[in-house]
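Asker: Just so you know, the sequences run in chain order L and R.
Counting in my numbering, the first sequence runs from 1 upward without gaps.
Counting in my numbering, the second sequence runs from 1 upward without gaps.
Here it is, the structure, as structure tokens.
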Amino acid sequence: MAVYSKKETRKAPSNVKGLTFWLRENLFSSPFNVALTLLGVMLLVWVIPPFVKWAYLDANFAGSTREDCTGGGACWVFIRMKIDMFMYGFYPSEFRWRVNTVYGLFLVLVAAFRYLKSPVLKIVLAHVYFIAGFILVHGGLAGLEVVPTDKWGGLMLTIMVAAVGIVSAFPLGVILALGRASHLPIIRSLSVTYIEFIRGVPLITILFMSSVILPLFFPEGMNFDKLLRALIGIAMFEAAYIAENIRGGLQSIPKGQYEAADAIGLSYWQKMFLVILPQALKVAIPNLVGVSIALFQDTTLVLIIGLFDLLAMVRLSAADSYWLGYETEGYVFVTFIFWFFCYMMSNFSQKLEKRFNTNLRK
Amino acid sequence: MKERKEIIEIKNLNKWYGDFHVLKEVNLTVKTGEIIVVCGPSGSGKSTLIRCINYLEQFQEGSISVEGIDLVNDVKKIKAIREEVAMVFQHFNLFPHLTILDNLTLAPIWVKKMPRKEAEAMAMKYLERVGIANQANKYPNQLSGGQQQRVAIARALCKNPKIMLFDEPTSALDPEMVAEVLDVMIELAKEDKTMVCVTHEMGFAKKVADRIIFMDAGQIVEENTPEEFFQHPESERLKLFLEQILSH
């Protein structure tokens, strides 16, 4: 028999082992890894210097005409001269401050969201923002001149279609997900039918349907805005995907949570909105952001029903006979813009996950 | 002992899971302030029985009435009964996305429409009673099992229920944490709350139970006061059961 004395607690040994150790461990640990590392370096050497040379060293930034592009590299002058088109489409230049105000108000909204605590106030504020944004951009109220939707275009249209699509699809998606998880057979089968139908049809078909077939159901002479039809189509499409992602989240919630909510006397809606959905949505965040990113990219499809988003604007500008031959610059620019927005969303998703992580250890 | 009123009346209760007959002709009456311990081998239907009392499980035949309210499949009646009956679960079932304080105030604020300040004051009072007021702003996963179960008891108390149901409250806990939960339950037992506890803690049963009910294969086999229950078990099944759980 033995009794042992109490041991002192010590600091964990440092795991910093120096650069050479890190290199050997991570890049050159086996012949196969050495080969991969060398291949990777070769690829970078092969791609990066020529790109930097084209995009920066040999590129022209200054000037305002085609003749200013003498460097043999990228002609960013083209982007500079067309930037207004890319950003605003055919939106009249004297009214562009209205669009910029909406962008500015977005920053105000984000700031307000950081300081406001009450979720009700946040929802109200978001609605006010969307309505005010619409009035500002569209006009027709408060002495603002109307700018019809066929003048809207470029990045502004891309952002708007994506934002309105995601925001309006979300509540519908939540309801569809709850419907699919419901015990009531009629509600469940309606939800399942809707979701499975929409998921079986490509977005492009939905857009065609909403722009060509939908008007057939309206009375003669009634003209329904093209952009609005596209938005309805996109929201309906997106809702089905959002619903499926939320359903995944719902399935991850243990039965005990439902029982505890029942046992403390919450009603069905209280149980869902206070206990189940907050947890399910948290689980679904990465997938929901994934859907949003996919939608942001899919907005480029509105081109086929005659709306001119950012990508369409670039194509249009590159077809300008004066600037012929500069589409590469245009597409590189579009790539960068899309990458920037999608990367921000993906970053935002990680922030959200961190913020809502309550699975803390002591 | 003063005259006590019947608070739970279970008559000829029968329940099936598919073809499996889980509860067979169960009759049980509980009076106000009584402390009932239900025990029996696993699969004997004891959890199912108490889960029927707040309608977490539906039954096919028989009747249950709580405080004179007949338990039938009617949203209003179920709600009325759940106002009176609180439950503590084996796996605590705290809401992991809410702080301890919010876990406690959820039902008072949303079901009883109590102002937040008042609800929080009440929640703090109960947290103090179970001895974890200093953890109010933590999240459930930051607490130990025993602490979580005490929070769950405080959450149940926040409804100010007439009846408390305990569904094996200590069987998911590490041995060292069982005592802290039992202490809280013993404290509760001294008050005028009606308690129905499914548990295998025979020490607890001896100490506080008014009656012990032994279930096997879906039916009540024996029912007695603690002294008689342990000293003069009648049925063979109970003798075997006691032998097995008390021999260690």
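For every residue, glycine included, the Cβ atom is placed at its ideal position computed from N, Cα and C.
Being a predicted model, the structure only gives us computed values, none of them experimental.
Relative to the alpha-carbon of Leu104 of chain R, which residue among R:Pro115, R:Glu120, R:His91, R:Pro96 has its alpha-carbon at the smallest distance?
Answerer: Nearest option by C-alpha distance: R:Glu120.
Asker: Where does Val38 of chain L land, buried or exposed, given buried means 16+ other C-beta within 10 angstroms?
Answerer: Val is not the amino acid found at residue 38 of chain L; the sequence shown has Leu there. Answer is exposed; the Cβ neighbour count stays below 16.
Asker: Using DSSP with H/G/I as helix, E/B as strand and the rest coil, what is Lys11 of chain R?
Answerer: Residue state, collapsed to three classes: strand.
Asker: With a threshold of 7 Å between beta carbons, is Glu196 of chain L in contact with chain R?
Answerer: Chain R contact via Cβ: absent.
Asker: What ranges does the beta strand (DSSP E) occupy inside the stretch 37-90 of chain R, keeping only unbroken runs of at least 3 residues that lie completely in it?
Answerer: Entirely contained in the stretch 37-90 of chain R, the beta strand (DSSP E) runs reaching 3 residues are, in chain order, 61-66, 85-88.
Asker: For the candidate residues R:Glu234, R:Glu243, R:Glu236, R:Gly43, whose alpha-carbon lies nearest to that of Glu168 of chain R?
Answerer: Ranking R:Glu234, R:Glu243, R:Glu236, R:Gly43 by Cα distance to Glu168 of chain R puts R:Gly43 first.
Asker: Do you know offhand how far Val324 of chain R's Cα is from Gly179 of chain L's?
Answerer: Limits of chain R in this structure are 1 at one end and 248 at the other, which puts residue 324 of chain R out of reach.
Asker: Roughly how many whole angstroms lie between the Cα atoms of Arg4 of chain R and Ser267 of chain L?
Answerer: Approximately 32 Å between the Cα atoms of the pair.
Asker: For the putative contact between Val302 of chain L and Leu207 of chain L, defined by C-beta atoms under 8 Å, what is the C-beta separation to the nearest angstrom?
Answerer: About 7 Å; that satisfies the 8 Å criterion.
Asker: Run through the stretch 162-188 of chain R for me and flag every whole beta strand (DSSP E) of 3 or more residues, listed as ranges in chain order.
Answerer: Taking only runs of at least 3 residues, the beta strand (DSSP E) segments lying wholly in the stretch 162-188 of chain R are 163-167.
Asker: Could you give the distance in angstroms between the alpha-carbon of Lys362 of chain L and the alpha-carbon of Gln135 of chain R?
Answerer: Confidence at Lys362 of chain L is low in this model, with a pLDDT of 44, below 50, so the placement of that residue should be treated as unreliable; the coordinate-derived value is given next. Those two C-alpha atoms are separated by around 12 Å.
Asker: Against Glu83 of chain R, what residues of chain L qualify as contacts under a CB-to-CB distance less than 8 Å, listed in chain order?
Answerer: Within 8 Å Cβ-Cβ: Gly265.
Asker: Against chain L, with Cβ distances strictly below 7 Å, would Met1 of chain R count as a contact?
Answerer: With a pLDDT of only 47 at Met1 of chain R, under 50, the local geometry of the prediction cannot be trusted, and no value is derived from it.
Asker: CB-CB under 7 Å to Met124 of chain R, same chain, minus the five flanking residues each way: which ones, in chain order?
Answerer: Ala133, Ala136.
Asker: Return the residue from the list L:Pro119, L:Thr328, L:Gly139, L:Gly72 that minimises the CA-CA distance to Val102 of chain L.
Answerer: Nearest of L:Pro119, L:Thr328, L:Gly139, L:Gly72 to Val102 of chain L, Cα basis: L:Gly139.
Asker: Return the chain-ordered ranges of every alpha helix (DSSP H) run that is complete within the stretch 186-220 of chain L and spans a minimum of 4 residues.
Answerer: Within the stretch 186-220 of chain L, the complete alpha helix (DSSP H) runs of at least 4 residues are 203-208.
Asker: Mark Trp76 of chain L as exposed unless 16 or more other C-beta atoms lie within 10 angstroms of its C-beta, in which case mark it buried.
Answerer: Per the 10 Å Cβ criterion, buried.
Asker: Just the Cα atoms here: how many angstroms apart are Glu67 of chain L and Trp152 of chain L?
Answerer: Answer to the nearest angstrom: the Cα atoms are 31 Å apart.
Asker: Taking Ile81 of chain R and Leu94 of chain R to be in contact with their CB atoms under 8 Å, please state how far apart those CB atoms are, rounded to whole angstroms.
Answerer: Between Leu94 of chain R and Ile81 of chain R the Cβ distance is about 23 Å, and since that is not below 8 Å, they are no contact.
Asker: Could you give the distance in angstroms between the alpha-carbon of Val120 of chain L and the alpha-carbon of Phe113 of chain L?
Answerer: Going by the C-alpha atoms only, they are around 11 Å apart.
Asker: Cβ of Val181 of chain R within 7 Å of Cβ of Gln149 of chain R?
Answerer: Yes, the pair counts as a contact, with Cβ atoms nearer than the cut-off.
Asker: So who's on the other strand from Asp309 of chain L, going by DSSP bridges?
Answerer: Asp309 of chain L is bridged to L:Gly154.
Asker: Classify Lys24 of chain R as helix, strand or coil using the three-state DSSP reduction.
Answerer: Three-state DSSP puts Lys24 of chain R in a strand.
Asker: Indicate whether the contact test is met: 3 or more Cβ pairs, each with one atom in the stretch 227-235 of chain R and one in the stretch 40-57 of chain R, closer than 8 Å.
Answerer: These segments do not touch.
Asker: Nearest chain R C-beta to Pro278 of chain L closer than 7 Å, yes or no?
Answerer: At least one chain R Cβ lies under 7 Å of Pro278 of chain L.
Asker: Could you name the residues that DSSP lists as bridge partners for Glu223 of chain R?
Answerer: Beta-bridge pairing links Glu223 of chain R to R:Ile213.
Asker: The alpha helix (DSSP H) with Met236 of chain L in it runs from where to where?
Answerer: From DSSP, the alpha helix (DSSP H) with Met236 of chain L extends over 226-251.
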